Amino acid sequence: MRLAIALAGLVALSGCQISLPGPGDTPTREVREIGLRGGRVTVAAPEGYCVDTASSNRSQGFALIVPCDRLMKRAGRSDDAILTVQVGRPGSAAVSGSETDLARLLTEPSGRSILARSGDASRVRNVDASSAPGVVTVWFTDMSDPLGQGATHRAFFDIDGRLVTLSVRGLIADGLSKSRSDALLDELTAATLSANPG
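Our numbering numbers the first residue of the sequence shown as 481 and each following residue consecutively.
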């Protein structure tokens, strides 16, 4: 039960704070890392991606990461993807030692209702959850997503006693292949874990 409650709180936060940069919001430099929750957790962006500091909220543990070319308004080909990170409060850690249980939960109706923006489990399709030591990942399609972003890929792990949720989403339906989403999630996970060695 503790696992489901912690997960529900973080997933809700990570889905409702997205604000993409608009005209005139061009930053002056690329930011590849950001400290969240008073610097307790450092988030490191994958290659080619930058932290949108204007849309992130350090104190609330939220970071928005987008292609650097898009953020800096440079010409060039970039993924049509956004990455989000949500870091929970102290004591919210729920993955270590419960990886298999969490992966199973995400495939059940109660877990699918947590993943759905609407809370309706029947709107979440194609759920594929897996676990490894210290990390759980899930790929799914949320038919209730008002942004119409198609499939979402998430990872869950603990850092410094806090639950961390990473999310990779296409900006347009079918705009990001599963293999590219896998690669981005793996890179974001590895970079963030490496930036927090303790």
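Glycine residues also receive a C-beta, built at the ideal position from the N, C-alpha and C atoms. None of the values given here were measured: they were computed from a predicted structure.
| Check | Outcome |
| --- | --- |
| What distance in whole Å lies between the Cβ atoms of Arg605 and Met623, which are believed to be in contact at a cut-off of 8 angstroms? | 6 angstroms |
| Between which two residues does the beta strand (DSSP E) holding Pro547 run? | Phe542 to Pro547 |
| For Ala574 versus Asp640, is the C-beta distance shorter than 9 angstroms? | no |
| What do you get for Arg509, buried or exposed, if any count of 16 or more other CB atoms within 10 angstroms of its CB means buried? | exposed |
| How would you call Ser539, buried or exposed, if buried means at least 16 neighbouring beta carbons within 10 angstroms? | exposed |
| Whole angstroms are fine: how far does the CA of Val546 sit from the CA of Thr581? | Rather than Thr, the amino acid found at residue 581 in this sequence is Asp. Distance between the alpha carbons of Asp581 and Val546 is about 31 angstroms. |
| Between the Cα of Ser576 and those of Pro677, Asp662 and Leu643, spot the shortest distance and give me the residue it belongs to. | Leu643 |
| For the alpha helix (DSSP H) containing Ser661, list its first residue and its last residue. | Lys658 to Ser674 |
| Report the three-state DSSP secondary structure of Thr522 (helix, strand or coil). | strand |
| Helix, strand or coil: how does DSSP classify Gly515 here? | strand |
| Within the continuous beta strand (DSSP E) that includes Leu646, where are the two ends? | Arg642 to Gly650 |
| Determine, using beta carbons only, whether Val565 and Leu668 come nearer to each other than 9 angstroms. | yes |
| For Arg554, is the classification buried or exposed, using 16 other Cβ atoms within 10 angstroms of its Cβ as the cut-off for buried? | exposed |
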